[in-house]
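Position 297 (the sequence shown) corresponds to 297 in the UniProt record's numbering; numbering is contiguous. Heads up, the beta-carbon is just placed ideally off N, CA and C, and yes, glycines get one too. Reviewing the structure listed below.
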Amino acid sequence: MRMDGDKEENVTPKTTLIKHRPNQEGSTIMQIDSAEEGITAQETSPIKFSHKQEDEEQDEKLLGCEQENKETPKSTFVKYRPNIDGPTITFVVTPVDEDQIDTTNEDVQSRVDGDVHLKVPERVASDSDSTYGDTFTSQTSITRLLAQKFKEYKAVRFSEASREQRKRSLEPGPRRRLISKYESQDYDPCENALFLKEHEKEKALKIQRKWLARWVVMMLIGVGTAAVATVIEVSIELCAKYKFYTLTELTKMCKEDELCLIIPLVVWMLINSVLVCLGCLLVTKLEPQAAGSGIPQIKCYLNGVKIPGLLTLKALLAKVFGVILSVSGGLVCGKEGPMIHSGAIVAAGVSQGRSRVFNKDFRIFEYLRSDTERRDFVSGGAAAGVAAAFGAPVGGVLFSLEEGASFWNQLLTWRIVFASMTATFVVNVVLSAVHGHPADMSNPGLISFGKFTDIRYRVIEIPIFLLMGALGGLLGAGFCSINAKLILFRKKNIRTTTAKVLEAVIVAALSAVSSFVCMYVISDCAKNEVQGEHRSGRLKFTCPDGEHNMLASIFFKTPEEALVDMLHDKTDAYSVRSLIVFVPLYLLLMCWTCGLSVSTGFFIPSLLIGAAWGRLVGVFIHRYVPWVHTDQSLGIYALVGAASQLGGTVRMTISLTVMLIECTGDVTFGLPVVMVLIVAKWVGDLFNGGLYELQIQMMGIPLLPWEPPEMSYDITAQNVMNKPVAVFRTTETVDRIVQVMESFPHSGFPVVEHYQPGNIDSSTETFGRCKGLILKSQLLLLLKRKCFKPRCGSANLNNSNSDSIRLEDFRDAYPKHMGLLEVDLTEDERKCILDVRPYMNPSPYTVTQNTSLPRMFRLFRGLGLRHLIVVNDRNEVVGMVTRKDLAKYKLKSRGVNVELQKMHIHWE
1 MRMDGDKEEN
11 VTPKTTLIKH
21 RPNQEGSTIM
31 QIDSAEEGIT
41 AQETSPIKFS
51 HKQEDEEQDE
61 KLLGCEQENK
71 ETPKSTFVKY
81 RPNIDGPTIT
91 FVVTPVDEDQ
101 IDTTNEDVQS
111 RVDGDVHLKV
121 PERVASDSDS
131 TYGDTFTSQT
141 SITRLLAQKF
151 KEYKAVRFSE
161 ASREQRKRSL
171 EPGPRRRLIS
181 KYESQDYDPC
191 ENALFLKEHE
201 KEKALKIQRK
211 WLARWVVMML
221 IGVGTAAVAT
231 VIEVSIELCA
241 KYKFYTLTEL
251 TKMCKEDELC
261 LIIPLVVWML
271 INSVLVCLGC
281 LLVTKLEPQA
291 AGSGIPQIKC
301 YLNGVKIPGL
311 LTLKALLAKV
321 FGVILSVSGG
331 LVCGKEGPMI
341 HSGAIVAAGV
351 SQGRSRVFNK
361 DFRIFEYLRS
371 DTERRDFVSG
381 GAAAGVAAAF
391 GAPVGGVLFS
401 LEEGASFWNQ
411 LLTWRIVFAS
421 MTATFVVNVV
431 LSAVHGHPAD
441 MSNPGLISFG
451 KFTDIRYRVI
461 EIPIFLLMGA
471 LGGLLGAGFC
481 SINAKLILFR
491 KKNIRTTTAK
501 VLEAVIVAAL
511 SAVSSFVCMY
521 VISDCAKNEV
531 QGEHRSGRLK
541 FTCPDGEHNM
551 LASIFFKTPE
561 EALVDMLHDK
571 TDAYSVRSLI
581 VFVPLYLLLM
591 CWTCGLSVST
601 GFFIPSLLIG
611 AAWGRLVGVF
621 IHRYVPWVHT
631 DQSLGIYALV
641 GAASQLGGTV
651 RMTISLTVML
661 IECTGDVTFG
671 LPVVMVLIVA
681 KWVGDLFNGG
691 LYELQIQMMG
701 IPLLPWEPPE
711 MSYDITAQNV
721 MNKPVAVFRT
731 TETVDRIVQV
741 MESFPHSGFP
751 VVEHYQPGNI
761 DSSTETFGRC
771 KGLILKSQLL
781 LLLKRKCFKP
791 RCGSANLNNS
801 NSDSIRLEDF
811 RDAYPKHMGL
821 LEVDLTEDER
831 KCILDVRPYM
841 NPSPYTVTQN
851 TSLPRMFRLF
861 RGLGLRHLIV
871 VNDRNEVVGM
881 VTRKDLAKYK
891 LKSRGVNVEL
901 QKMHIHWE
């Protein structure tokens, strides 16, 4: 937000403007028009003033100020809040005599949309489009109005306010914000006249066809996800092969002259920098939603939140080629996490039976074009992505259930299992053929931990495993905390495309330099003995003939290959010094890489770090208490450390346990794995949330958790609802419909009767008797299709098209709905009448004003609602509740203290 303030020189102050963006799904609008000679106030939400002592627990809808104290004046706050969740304008004032009032004082301090106190701006503007229905309020008008209301007060400098007052007026941080642009999906079916008419004609054959189509789509999702996984795997293998072959040959050329090693270092830096630069440009220019793993966004989508650009063909291309370039470019990341996002995109595209990019509609699966059906297929796509990545179909289903889907049923479970099995089978067949042994079927996923032979553990080792779980929780909590701080730093300082690309290139170059320096300085050499079938090669580097560098055997491989070696190599395969250097270095690089504008995943790097420090624990046990662990292999400690590190980072339990068991192929490790995952989650939760939860919180997405917040039963619908409400009558003029949609960016509008626009009952603030709910997307399609009738005596117009529109016309417009600018109306057409009763939802969910927040929360969470109308005892509309109104209430723990925190809505 740009804020520029100029000093007022004239006696008549300049009119300064503050921009107020209403809620996109229902909001309060306050408009005050001003002129140089006076004020004309039009208040749809009257300003309320209270002379009570301001308290932190007091409802923020009231305005608090301290009573006058003539002996010792105290600075107080006077708050003007036109919306419960909207901008707050804060004035720091102190009691003075009436004749000392100066309403034009330039030192008045204000806060707009949570910004830190600044001088009165001449204009606060936004770069967003004006069609969102912005309301401009005169800052000079507010100053004069407050001066009239509080004649005993005068504005003073912010520097003179007390420390507590400054603390209260600080801007809420990103962790306490919800971004207004994220809207809910429409899971509640609109049972209007068109819906009932279509279902009356529905026959048994059509029902069976729809049932079969769902299974066919799930099969196509599995095949498509497997194809994407195969492309990623083969491409990364080829890139890594030629990259490390080139570096190895350049290193071999420097047998005697160590200064010659600068050549492979520079080549390594250049290769990493170029590949990562291309990957970052691909993400930032083509589709920014392809950055990261995409798992937090998919989780929010399955929770019922629309995220623009998440499931598009651009996002798929940027994700696939971006992760190939990122992993090949040497970043500390993996390819398994982005497979979940890729599978979800494949599912969302296949289920629609058309391509908007190529403007081709295959006229198949038309009856599956809805938010509800698409959500189920995206759940299957996410599960298929996990199955293709880890060769774990059951783990994929549990991952989609535990981390993703908010709405589940038994039939959906079977279809998702089918999609996951299909993805695993196709990946196995294709990769086995690519590797030259098609009959073996030995590649069920992109990563396999290999077969654990002759590895066992004793009961006495279980307490050691639990301590390792606690250590994994601590390291995971530290990683999440550092990542959260880096996200805040990037939000403030790294905003442009150039800065994002430059940061990614720097990280790629430093990854190569730090790895090379560690290999050169810590030259731990080991003899070239056969360590097992899983070792793929060694690098001599600066070691004598017949030996290899231990760190080079880790850095000169992909993270997946290094992880397999870490799990299966013998005790003396890595020195303690090498592991002690590798763990913090790799952890720091992973912290820096996480959050870059590139496609990255962090499953494999987390597992690799955990396996490394797990081997350290195993070496300590083997050396100092050998009677505890008599086995020569440290694979069990590496596996437990890997599970602890990943569990402490992402805080998953059920699905991660099954995924690791399926990767190892041995259920014997089930007990220690599940125990360390639970301990890691408990320990990590003592400090902060998991990685995905923190990222969702930083993005400001209104995610609804499984259960409503505790300590919220005293909060009712009357406290959280938005009012006044923009409503439509059952028969409305086209001109008013257009005006309301231009002024209000809401997605849904209650349909009422016995209501006259502009006449609001000031005593009850009701808006007519509720008859239904109609969506903005429906109104836009009706206007574009000219489904209105002329008024009696108006000019001759074409006959209404209301009889020709069908329910499939609304499905064809899904999911990309048109904007108001795409509707072309003449002046005569704007005078026509539109009857919305055949198209509205005649039975929307409503609650009374006394309904508690937990009850409304369960309605939204269980039924997938987008709007909840609040009515009084006479069924008259008094307010509207949306997802953001419920998601902004969070429980926050501070040691042993737990408090209910109210988040702010940031308007974008």
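- Cβ-Cβ distances below 7 Å link VAL725 to GLY26, PRO750, PHE767, VAL877, GLY879, MET880 in the same chain, with the five nearest sequence neighbours on each side left out; the list follows chain order.
- Apart from sequence neighbours up to five positions away, the residues of its chain that approach LEU820 with a beta-carbon distance below 8 Å are THR131, VAL738, MET741, GLU742, LEU780, ordered along the chain.
- For LEU865, the secondary structure class from DSSP, reduced to helix, strand or coil, is coil.
- Look at the beta carbons and you see the stretch 356-374 not touching the stretch 411-427: under three pairs across the two are nearer than 8 Å.
- DSSP places ASN897 in the strand class (E or B) of the three-state scheme.
- Residue pairing by DSSP leaves PHE556 without any beta bridge partner.
- Here DSSP, grouped into helix, strand and coil, assigns TYR574 to coil.
- Around the beta carbon of GLY436, fewer than 16 other beta carbons lie within 10 angstroms, which makes this residue exposed.
- Counting along the chain, no alpha helix (DSSP H) covers THR731; the unbroken beta strand (DSSP E) around it starts and ends at 731-733.
- For PHE399, the enclosing alpha helix (DSSP H) starts and ends at 393-399.
- Excluding its 5 nearest sequence neighbours in each direction, MET840 has C-beta neighbours in its own chain below 7 Å: ASN192, VAL751, GLY772, LEU773, ILE774, listed in chain order.
- Around the beta-carbon of ARG866, 16 or more other beta-carbon atoms lie within 10 Å, marking it buried.
- Judged by DSSP in its simplified three-state form, PHE479 adopts helix.
- Look at the beta carbons and you see the stretch 664-673 not touching the stretch 485-503: under three pairs across the two are nearer than 8 Å.
- Around the Cβ of LEU238, a 10 Å sphere holds fewer than 16 other Cβ atoms; the residue is exposed.
- Assignment of SER523 by DSSP, reduced to helix, strand and coil, places it in the coil class.
- At a Cβ-Cβ threshold of 8 Å, LYS540 and ASN549 count as neighbours.
- Secondary structure of PRO605 (DSSP, three-state): helix.
- About 10 Å separates the Cβ atoms of LEU868 and PHE857, ruling out a contact at the 8 Å cut-off.
- Separation of the CB atoms of ILE701 and TYR187 is rounded to 17 Å, and the pair is thereby denied contact status at 8 Å.
- In the three-state DSSP reduction, PHE749 falls in the strand class (E or B).
- Annotation: the continuous beta strand (DSSP E) that includes ILE179 extends over 177-179.
- Two segments are said to touch when three or more pairs of C-beta atoms, one from each, lie closer than 8 Å; by this definition the stretch 480-489 touches the stretch 681-696.
- 8 Å or more divides the Cβ of SER420 from the Cβ of GLY614.
- Shown here for SER448: same chain residues with a beta carbon closer than 7 Å to its own, the five before and five after excluded, namely GLY391, CYS663 in chain order.
- By the neighbour-count criterion, in which a residue is buried when 16 or more other Cβ atoms sit within 10 angstroms of its Cβ, LEU646 is buried.
- With a threshold of 16 other beta carbon atoms within 10 Å, HIS906 meets it and is buried.
- When C-beta atoms of the stretch 670-681 are compared with those of the stretch 646-661, three or more pairs fall below 8 Å, so the two segments count as touching.
- Per DSSP, reduced to three states, the secondary structure at GLY879 is strand.
- At a Cβ-Cβ threshold of 8 Å, THR657 and GLY670 count as neighbours.
- Cα atoms of TYR367 and GLU808: separation of roughly 8 Å, rounded to the nearest angstrom.
- Under DSSP, CYS770 shares a beta bridge with VAL752.
- HIS341 is the residue among GLY304, HIS341, MET698, VAL305 whose C-alpha sits nearest the C-alpha of THR312.
- For a cut-off of 8 Å, the C-beta gap from ALA504 to LEU567 is around 30 Å, too long to register as a contact.
- If you check the CB distance, GLY380 and ARG415 come in under 8 Å.
- Taking 4 residues as the minimum length, the alpha helix (DSSP H) runs contained wholly in the stretch 326-359 are 336-350, in order along the chain.
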